[in-house]
Every structure is written in C-alpha cells, then in structure tokens.
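*Asks:* Structure incoming, see below.
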Amino acid sequence: MVRIKGANSDYEYSSEKREVIAVNPQPEELYLKIFICPYDQPSVVEPNEGKDKCCHGSDSTCPNQGEKQGHALIHLHQERGIELVTDNNNQIVVNQKGNIQLIPSPGGQAEVNGALLVKQQNQVLLEISSQKISLQLGGAKISLTPKGDIEITTSEQKGNVTIGGNLTINGNLTVTGEIVGDVRLSPATLAAIVEAVSQTLGKS
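Quick note: the sequence shown, position 136, residue 136 per full-length UniProt numbering, numbers continuous.
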C-alpha cells in the first residue's frame, strides 16, 4: 500500500471478492477524499478488515496502534462543500451555503500575517493593518491609529454614540458642540467649576 490515500462515496473494497467494487445502490451524498496517512493504514478502497479499521484521513480515525499525528485531508462533499483538515481537527471549510469557516483546534488560533480586509459589496467593513484598525458600517466608523488615538465618527456627524453604563475619563474632555440632556456633575467637579468661574470673574 501507499501513504498517499484516496476514498470516495461510490467505490469500496470488498473483502469477499478481494477487489474494489461499486457501491450499490449509489449513495445519495457524493464525496471524494484525498489524504495522507504517515502510518500507511488502509483506506476503504484498499484491502482492509472493515471500515472501522480503516483510516479516513484524520488523527481520530486512524487505526494505527502507536502514534496517530500527521494526517492531512482534502474532503470534497456534495452537501458540506470543501474541507481542509489537519492534525487536531484544524479546519478550513468552504460550504455549499456560501460560508467560509476557519475552525482552529481547541487551544489553537487563526493567524493573519499582513493586512486583513473584510468587505461586503465592495465596501470595507473591517480593516486591520500596521497603519490602522478600523470598523465601519452605515457611515459610522471606529478607528485606532498608530499614535494611540481612538476616533469615533458617526454618519455625516449626525448619528448618536450611546454608552449603556458608566464613562470614566482620565484626562481632558473637549466639547466643540452642545451638551444636551440631563448632565449631573460630582460635588468636586461643581466646586472646581465654581472656583474657576470665580477666578475668571475676579480678573475681569
């Protein structure tokens, strides 16, 4: 046998006839698997002692009695689409519903080396690069710059920014428009304002 394997929905090995035969009736779901098994365990189209003793292209299905790491699988499936599967069940899935999924193994992670753009109908929704990180939708935008600034922009500067909770500002607050609504200031802040106004009036 060989370590480069293949299997499909329409053919399998028959231990009775000692040859590969067509599956009859044909399965409703069509698939093709191309994979590597470093331990040269049989696939379903090679001489084997039963499907439960065959390798199906992943660590978890390999019947090898010793190590099981090192498998890699390309799976083409009529319903599930295209799956790329490696050790520990790391997966990239392009399914038939129009979705592309990155599925790292438990404890794993998905990494992007370089800029990342997420678009919808040619509109950039998310941009991550060494120059900026920005998230935008419907004219609203949040940007992080290399200088450490955070910019929040609403659509045509007419939208609302809502904070459902407390807002703490450690620094200065600059307001170029009007403050509308019920604004409550702490006693310390009120005292500081009164003192500043008194000093200003005293100088005039």
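Each residue gets a CB set at the ideal place from its N, CA and C atoms; glycine is no exception.
Here the structure is a predicted model, which is why all the values come from computation and not from measurement.
Spell out a yes or no on whether the region 75–86 and the region 40–55 are touching, meaning 3 or more CB-CB pairs, one atom from each, closer than 8 Å.
*Replies:* No, they do not touch.
*Asks:* I'd like to check one pair, residue 171 with residue 155: are the Cβ atoms closer than 8 Å?
*Replies:* Stepping through the sequence shown from its first residue, residue 155 is reached at position 155. Stepping through the sequence shown from its first residue, residue 171 is reached at position 171. Contact flag unset, no.
*Asks:* Is the beta carbon of residue 75 sitting closer than 8 Å to the one on residue 87?
*Replies:* To locate residue 75, count along the sequence shown from 1; it is residue 75. To locate residue 87, count along the sequence shown from 1; it is residue 87. No. Outside cutoff.
*Asks:* Between which two residues does the alpha helix (DSSP H) carrying residue 203 extend?
*Replies:* Here residue 203 refers to the residue found at position 203 of the sequence shown. Residue 203 -> alpha helix (DSSP H) spans 187–203.
*Asks:* Checking the sheet assignment: what are the DSSP bridge partners for residue 8?
*Replies:* Residue 8 sits at position 8 when you count from the first residue of the sequence shown. Bridge partners of residue 8: 32.
*Asks:* Can you give me the C-alpha to C-alpha distance between residue 66 and residue 3, rounded to a whole angstrom?
*Replies:* Translated into positions along the sequence shown, residue 66 becomes position 66. Translated into positions along the sequence shown, residue 3 becomes position 3. Straight-line Cα distance between these residues: approximately 16 Å.
*Asks:* Going by Cα to Cα distance, which pick from 78, 110 and 46 is closest to residue 97?
*Replies:* In the sequence shown, counting from the first residue as 1, residue 97 sits at position 97. Comparing Cα positions, the closest option is 78.
*Asks:* Please return the same chain residues whose Cβ sits closer than 8 Å to the Cβ of residue 119, not counting the five positions on each side in sequence.
*Replies:* Here residue 119 refers to the residue found at position 119 when the sequence shown is read from its first residue. Here the set comprises 125.
*Asks:* Taking all protein chains shown into account, do 16 or more other C-beta atoms lie within 10 angstroms of the C-beta of residue 44, making it buried, or fewer, making it exposed?
*Replies:* Numbered from its first residue, the sequence shown carries residue 44 at position 44. Residue 44 is buried by the Cβ-count criterion.
*Asks:* Which value, in whole angstroms, describes the spacing of the CA atoms of residue 30 and residue 112?
*Replies:* By 1-based counting over the sequence shown, the position of residue 30 is 30. By 1-based counting over the sequence shown, the position of residue 112 is 112. Between residue 30 and residue 112, the C-alpha separation is close to 33 Å.
*Asks:* Who does residue 78 pair with in a DSSP beta bridge?
*Replies:* Residue mapping note: residue 78 aligns to position 78 of the sequence shown, counting from 1. Paired residue(s): none; residue 78 is not in a bridge.
*Asks:* At which residues does the beta strand (DSSP E) containing residue 153 begin and terminate?
*Replies:* Locating residue 153 in the sequence shown gives position 153, counting from the first residue. Segment 150–153, the beta strand (DSSP E) holding residue 153.
*Asks:* Considering only DSSP beta bridges, list what residue 134 is partnered with.
*Replies:* Sequence index remark: in the sequence shown, residue 134 carries index 134 (1-based). 127 and 143, per the DSSP bridge assignment.
*Asks:* Among 92, 6, 58 and 184, whose alpha-carbon lies nearest the alpha-carbon of residue 109?
*Replies:* Counted from its first residue, the sequence shown places residue 109 at position 109. Ranking 92, 6, 58 and 184 by Cα distance to residue 109 puts 92 first.
*Asks:* Determine the closest residue to residue 186 out of 180, 176, 168 and 199, with distance taken between C-alpha atoms.
*Replies:* Residue numbering aside, residue 186 sits at position 186 when the sequence shown is read from its first letter. Of the listed residues, the one whose Cα sits closest to residue 186 is 168.
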